[in-house]
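Protein chains in written order, with the numbering used here: chain A, 63 to 408; chain B, 28 to 375; chain C, 732 to 1065; chain D, 40 to 587; chain E, 616 to 970.
Ideal Cβ positions, reconstructed from N, Cα and C, are used throughout, including at glycine.
Below is one structure, written out as structure tokens; comments come after it.
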Amino acid sequence: MTTSTTEATERAKPVKGDVLLEVKGLQRHFPVTQGIIFQRQTGAVKAVDGIDFTVNVGETLGLVGESGCGKSTTGRLVTRLDEPTGGTITFQGTDITHLSRQKMRPFRRDVQIIFQDPFSSLNPRQTVGTIIAAPFDIQGIKTEGGTKKAVQELMARVGLNPEHYNRYPHEFSGGQRQRIGIARALALRPKLIVCDEPVSALDVSIQAQVVNLLDDLQDDFDLAYLFVAHDLSVIRHISDRVAVMYLGKIVEIAERDELYNHARHPYTHALLSAVPEPDPDSVKRRERIRLTGDVPSPLNPPSGCRFRTRCWKAEDICAEQEPPLLQIGAPGHSAACHFPEERDVI
Amino acid sequence: MTLGATEAQSPEGGLPSDHIAETAEAKQIEGRSLGQIAWARLKKDKLAIASACIIILIIAVAIFAPLIVKISGFGPNEFNQTDASGKSLLDTANGGFPNSGLWGSGMSKEHWLGIEPQTGRDIFARLVYGTRTSLLVALGGTVLAVLIGTVVGMVAGYFRGWVDTLLGRLMDIMLSFPSLLLIMALTPVVADRAKDMFGVEDTNALRMGVLMFVLGFFGWAYLARIVRGQTLSIREREFVDAARSLGAGPAYVIFKQILPNLLPTLLVYTTLLIPSYITAEAGLSFLGVGVKEPTASWGKMISDASNWYEVDPLYLFFPGLALFFVVLAFNLLGDSVRDALDPRAGRS
Amino acid sequence: MFRYTVRRLLQMVLILWVISVITFFLFWATPANPALLICGKDCTVERIAQVNKDYGFEDPLVVQYGRYMSGLVNPNGRTLGNEGTEIHCAWPCFDRSLQNSLPVWDSIKSSMAPTVWLATGAAVLWLFFGVLLGLMAALRKGKWLDKLSVGLALFGVSFPTLVFGYLLIFVFIVKLQIVPFPDQASSSLLQSNPWDFVQFYILPWCTLALVFAALYTRLTRANMIDTMNEDFIRTARAKGLTERKVVFKHGLRAALTPIVTIFGLDLGGLLGGAVITEQIFSIQGLGKLSINAVLGNDLPVIMGVVLIAAFFIVFANIVVDLLYALIDPRVRLS
Amino acid sequence: ACGGGNDNTGGGGNTGGEGFKGGTMTVYLVDDVEHLDPVRNFVTNSNAIGKLLTRTLTEFKYDGKTKKTELVPDLAEKWESNDGLDEWKFTLKDGLKYEDGTPVKAADIKYNVERGFSPDLSEGSPYPKEMIACQKGYVGPYSPAGNNGGKGCEAITTPDDKTIVFKLQRPVAEFDMVASMKNFSPVPQDKDTKTQYDARPVSTGPYKIQTYTRKKELVLVRNDQWDQKSDTLRNARPDKFVFKFGDDEAVVDQRLIANGTADASSFSFSGVQPQNLPKTNSANVKDRVIEGADQCRRYIAFNQQKPLLKNQKLREALYYGLDRVAYQTARGGERLAAIVDSVVPEDMKGYEADTIFQAPPAGDKAKAKALLTEAGYKGEKLTLGTADSGLAVKAAESAQQAWKAIGINVDIRKIPGDNYYSTQQNDASASDLITAGWCPDYPSIASVVAPVLGPDTTSATPKAAQNNYGRSLVGFDKFKAVQLVKDKDQAVKDWSALYKEIMQTAPLVPTVKDLNVYVLGGNIDSAFPDPNTGGIPDLTQIGLKKAS
Amino acid sequence: MSNTAVEEVPPNKATGRAFLEVDNLQVRFPTDDGLVRAVNGLSFKLERGKTLGIVGESGSGKSVTSLAIMGLHKGSRAQVEGEIWLDGNELVSMRAEEMRRLRGTEVSMIFQDPLSAMHPFYRIGDQLVEAYLVHNDVSKAVARKRAIDLLERVGIPSPDKRYSDYPHQFSGGMRQRAMIAMSLMCDPKLLIADEPTTALDVTVQAQILDLMNDLQKEFNSAIIIITHDLGVVAQMAEDLVVMYGGRVVEAGAVRDIFYRPEHPYTWGLLGSIPRITGGGGRLKSIKGAPPSLINLPTGCPFHPRCDFREYATDGSCTGDVPELLQIGATAHAARCHIPSEKRKQLFIEQIKPNL
Ligand SMILES: Nc1ncnc2c1ncn2[C@@H]1O[C@H](COP(=O)(O)OP(=O)(O)OP(=O)(O)O)[C@@H](O)[C@H]1O
Ligand SMILES: Nc1ncnc2c1ncn2[C@@H]1O[C@H](COP(=O)(O)OP(=O)(O)OP(=O)(O)O)[C@@H](O)[C@H]1O
Ligand SMILES: [Mg+2]
Ligand SMILES: [Mg+2]
């Protein structure tokens, strides 16, 4: 374990197309408690309520959905920052759902996370050098030429001036900060990076820089991304496959173009049609579906199909029976709906 | 995205990576931490510098008290009822206040700030030694309070759950104590207990130790609450998650990630706690539960002098002024430190 | 809200109970022999034994504690003294003083009035001046009025109560003779004429209020400046409200909310005795009672005052929380 | 004699009994009175006020002009003792009444003495318990078991309503003086409210309580059932006394010095505070100043229970080393303290100037140092106990400094005032050097020597009395004999000799006596500081010049 | 209802100016670190019934401009220069009190974050009523009725009940609706919406945008919509202003700018947005970061990030600030040293294919 490069070779070499991460029935219920001394549980926020998906080696799975639907929670569960209340997470064949912190250590190198907020994801009291060196520090890894050299290489790779090693995060702009976060995530040559809305907080021009960077890195390092975002355009741009979440459930999952061109779930339809297209003429062309109301509270989600309260196609059965996520249309395309759409949107 | 002014000052873009070229006029700025920025701001703040000077001076006085007193020529506890020639310095027929010097203060070439009524002790020497008492007690109490408060607050905030509940209740209880009253009542008691348990005689050193202990013991809860709140919120910041996702354990997170972010709070709180403890020590000595006789303490001096302010106003004036200045200096410095550390900056 | 209040009250009882335990065991575990104190000037060995027996000082602490608490828990109070000379100590019974064997509750009751007058009067003063000054400073941020207020506040925060109190006496009583020498008889509003009452308290009020007023000036100023930068203030202006309305209806209301909390807690703390001010002006309040008890090792009195003071603090906490919920609709009490 | 040079004759030179009667007199006290219940009233302040409410069998009268104190009959018309001095019979005057008009009976006095045996009312003078031969284990009338089937203490008998007889455990030559203690006053059994009696004692004196608000105010008004003719002691000139509690001494001084109309008929129980002394010399104040001393003497006792202080040379070194001038200055200077050379008051029969040590007021450093070398003192630490109050601490500091100057290391131990004596009386908690003071309960040298230097009469083994802080055991064999001497003059001589003998061993060093300076309101007349009540102006004599 | 003086003399006729005309507006903030030049000579026009979009990166001075129009810089440290003509009144030189009267009636504003923009302690309804009562001498009941009407109009279900809710009890979308209702209380002639949907989910954003469109038709007010999101302006605005470093770099009709952009910055913007219809190709990003407003680059403020500097003809890009020059006969104008012809050519050759 001398250099980061040999490091990478020593570890099981991922083969493109293999399943890297498999999530089954993943659940996260946040207990809602009451009481001052003796707390009792009075309910649960069902942030993630039984979802299944896989991420293959080197691919990008996009995860979209409205605010509060459980995207970040999923990301945090996958990186084991949060303890699942149900289901399993299998990484390269190992069940890591409930591994202890010690046992998790080796996997920490393989799964990394990038956060949304470039301000809160960097410790303002540490220099960039320290921040990017933290993975080596924590994992106790020595690199040839010292940590500093490794860090500077990383900085150069993500487009930061290596001489800025000693600067503090507040001296960087949002986009640069996001690069610092990416460098940190890259340090240990992970196989999977969970990107929790890494570009939502950035200006369009900067957003494009970062998206391009992520693209390049994926190619260079054979990375797989679990890419969380609420912006359907960004997701379309970066993902190989896309999963749509609604209230803690995956309602539809498919290959990218399949999903955008042949969406089956009404919710996906609504989402797609709500995106304002930067093209004055298209406004008239596109069909408009306007959802009413807001996402219901995950504290007590609607019975049956969770989308039925906002769905124009809802019938009695939707309240009684929860539609399973079933394959529909092209292979790998599944949707959870009693009355899937037949037409295409875009 | 809020762009702070400092932010806007570093106008360079991303650096050589695919097509992102370095902007031409990327200015080379020294890597400056928030602490360094604060320090730079502090250095520009004249009031802060002045008060820091006063504080350093006071600390020097406290440390070198014996030397200073050697120069002035009179010990803090020496009675000087007569001068070298045997002439009485006190008007013994009228209650024993100094019969010379400005406003009956006994000020003279020998006794720079006059002498104490009835005993003739040198006020300058007592003032100098009183500095020791004040600072020692205040600093000791502060260190203790900050230490306990930080540890308890961080532990409660980091581990949450039942640990937090337990410590939170403890803080509630500590905060519900009428602390001044208990400090007052407990100082003698604790001194007694210490005597009993450790066989330490109720000396002045013990008394001061007890004062520090009691002040610290009743002072930590408030800070702990603040630290707990901050820890809770810092813990939610994503850089903590980042560290955890790299496999960092609680110790790493607490000491490397959270503690440095608490430092400004702790610093501000410390600079504010010190003057309040200086006042508290003076108050306790004033009330008669402070240090032991004949140890000089400003509060004790004020308490004594309060009987004499009419015939010997300067006796009250000097310790009062000393107390005022030190507290003022610490408060000023505290304000400046807070402003300097405040990212929103700008006192005006 | 109702359930919340009930729960908080229960919690208060719990906290007070814990405090009583801690205080009791802290103090009663002292080596200072209370019997010696009661025994007085001529104290024989037999007499000490007698006192110990009569007062039950030799019983295990737990038993003594139980006896003490029985006077607080039992609505009928408890009986003090020996067979034949027992007196009934009505609820709440805090035992009796070792110094003068009066029931502690009687002393506390009679000392409470001056403290309440002192604290509330000062509170009115500091609240008024503190908020006013802070407000003016905030609205004239950067102007001379602001600088003056900030300076005054800093001065006030740093001015030791000890010195300020004596300064006031010296200037207003002794030198200028604007205020007459204090007369304890005026210390109760119910017994004296209001003018005497005010003259009695005016200097103590000022003394006590100085530090607080200074603190409140700073607090109000800081809060107000923060609040005036809030988005909703911009909204209020965008509606075309007059500046006056913006400041008083929108700004002040939000800026004062945290002050209400702190005010409640400060006042609650002071109701347990403003020791130093009471000592300077020899006001026979709870503070004076407690310092005398401390110097005289009068444990039951100390215990009583501590419990009462703690009660005020905890109670103030509850009141403040409820009040906060009333002011700020975002706070939901459950 | 007491008082300093400008002692004047009580502001106006009126003789007792004459002068204006009436008006309201205001008296300031720092604290509330401790007890008004006669059986608990044993402190100077309360005692002075108690004199207005409570009459005792005998009472001391201080003549402000001749400065003599004499024992006079009060309730008792006459009294006699048996030869053995252990049985005393008192006969009451005629027509004595309580404030409600009911007659005073001898049994009521017996009842009150008995009350004093009750553990809950034990703050009063200890003499009855110590002297009267009640049955063993007697604990007063309230204890159902102890009251002996209603007969109470068998050693006290009341053959009729006007006669009361006390049987004593041992001969007491001065029992008639002891009978001036407030224990020996009547309390009607049906009015007794036990521990609550304190708040509203039934008056036999010229005044009765109108209102009493604890810690605030006590108002006395005339008791119309009191008969001046039966009372040679009390002039009772004002119509009303208002005692105000809680005002700061120094503040009260200022008011009195200012002499505003509101304060013309006022004075304060506390003497002028040192800081206000200079003002007493100004023209408009000078005439209103009276000064007086009391019978109390201060001293520092050397606790011989401590091995180190068993060394006589060390004790002598301490004696010589003390700078009493500094001590005096620390206690407020010449006008507030005077250096004394004996714990026996100078105007008391049996006083003799010190001839043993003849230490100069400022001490004799050379001699002290020499003695110290002889004593073989090697710098061991001694603790000096002092009550925790301003002047006392200052004084202790001055002693500390003086001793330090000759090389003795002294640590000061402050003990809260209320705890002070009990702490020092306890062998285990007493300090090495004990600051103490003693005020004789009645003006006799016996009431100085016995308590300050004598043995514990209740103990079989030779043991120092409670107030013998030096724990000196010298001369204990002689005390019994002296106590038995019947002839009063001979007794005085014997006591004096005994005192001298014991003082040879340097058990203590006398320091100062307190002097008090009072400023009176301009309307006050006939104020004589009474040395028997701590130098406080005698309330039974005081009056106003005119209605205010 | 509105200022009578304004009604008597139709001022736009008197002055010959557009309904809203911003002329050479400058806003600067003195700070500890130096003078922040937030807006540097901004000019644009807007007629009634029209919608103007303003886009630009963060910090380009969009919000500062809107606050200047609202007169909300008055009394702060900000130094405002230039002219703002609204319905015949010049706002920059106007007394604060007069300006106050115009707020709410002539011009009102929808803020980005409706939660922090509403007072947390007052009921939604009362905050609406308050806006009405300052300018209208009517009873509370009347105002209340109007508030409920408007709440209903913006699509809040059972408005009479929700009237007495507090802001925190509303969801994000409802808050923004309430905010819009509040801004419409006095029938303002100009409505400024500063990023009205940035904090909202796409589905809710779509609802709000539809609502605003409908309302404009109904109230015929002029709207300025400020946003980052080119999609939003494409859908909402007729005219567009692209801001960079406190200046307009390109202005014109929406179509002109979307289909015939002439400024490299606009090209960059259009190139960097991923499109929902697009594929996975590389995005065309703008290199570097937005400029510091304290040390604005000399010359064209965009030049450090510009990929087309070499095409500039008249003088270097670093020399002086290019003029905002009209292109052709339309209102289309751009601020660039590259000749218009060249720009057109560059766009067609290099940019358009990648869009
Ligand atoms: N620690 C927690 N305790 C309780 N509830 C939580 C916690 N974390 C998240 N939630 C709730 O779980 C739900 C899902 O949250 P999550 O952050 O995963 O949403 P999201 O899809 O990432 O939303 P956004 O787009 O706003 O980031 C939300 O309703 C949130 O309130
Ligand atoms: N009160 C102020 N004091 C100092 N600088 C200010 C002030 N208000 C705004 N600025 C600065 O002016 C510049 C423009 O700000 P503005 O808020 O108009 O940007 P914006 O275009 O609205 O950006 P965003 O898209 O982030 O809302 C920023 O650099 C900002 O820091
Ligand atoms: Mg999220
Ligand atoms: Mg903005």
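- In the three-state DSSP reduction, G299/D falls in the coil class, being neither helix nor strand.
- I195/D sits in a strand when the DSSP states are folded into three classes.
- Within the same chain, H331, A332 and S335 come within 7 Å of I351/A by CB-CB distance, once the 5 residues on both sides are set aside.
- Contacts with chain D (Cβ-Cβ distance below 9 Å) from the stretch 901–928 of chain C involve I904, V905, Q908, P911, F912, P913, D914, Q915, A916, S918, S919 and Q922, listed in chain order.
- The criterion of a C-beta distance shorter than 8 Å is not satisfied by G649/E and M851/E.
- With respect to T319/D, V556/D sits close: the two C-beta atoms are nearer than 8 Å.
- K519/D sits away from L124/D, with the two beta carbons spaced by 8 Å or more.
- Judged by their CB atoms, K253/A and L82/A are nearer to each other than the 8 Å cut-off.
- In this structure, DSSP gives G788/E a helical state, which the three-state scheme calls helix.
- Under DSSP, C951/E forms no beta bridge with any residue.
- With respect to chain E, the C-beta atom of N274/A has a partner C-beta closer than 8 Å.
- Annotated three-state conformation of Q334/D is coil, per DSSP.
- Scanning the stretch 137–170 of chain D for uninterrupted alpha helix (DSSP H) segments of 4 residues or longer gives 145–154 and 166–170, listed from N- to C-terminal end.
- Considering only beta carbons, the part of the stretch 972–983 of chain C lying closer than 9 Å to chain E consists of L972, T973, E974, K976, K980 and H981, in chain order.
- Cβ-Cβ distances below 8 Å link V888/C to V942, A945, L946 and R949 in the same chain, with the five nearest sequence neighbours on each side left out; the list follows chain order.
- One finds nothing in chain C with a Cβ atom closer than 7 Å to the Cβ of G317/B; even the nearest lies about 12 Å away.
- Q145/B and Q367/D have their C-alpha atoms roughly 9 Å apart.
- Checking the 7 Å criterion, the Cβ of G671/E is within range of a heavy atom belonging to ligand 2.
- When CB distances to chain A are screened at a threshold of 8 Å, the residues of the stretch 810–822 of chain E falling below it are D816, V817, T818, V819, Q820, A821 and Q822, in chain order.
- Taken through DSSP and simplified to helix, strand or coil, V902/C comes out as helix.
- Q96/A counts as exposed, since fewer than 16 other beta carbons sit within 10 angstroms of its beta carbon.
- For the set G861/E, E810/E and G867/E, the Cα lying nearest the Cα of D844/E is the one of E810/E.
- Secondary structure note for F92/A: its beta strand (DSSP E) is the uninterrupted segment V81 to Q96.
- Look at C380/A here: in three-state DSSP terms it is helix.
- In the structure shown, C257/A falls within a strand segment according to DSSP collapsed to helix, strand and coil.
- By the 16-neighbour rule on beta-carbons within 10 angstroms, R337/D is buried.
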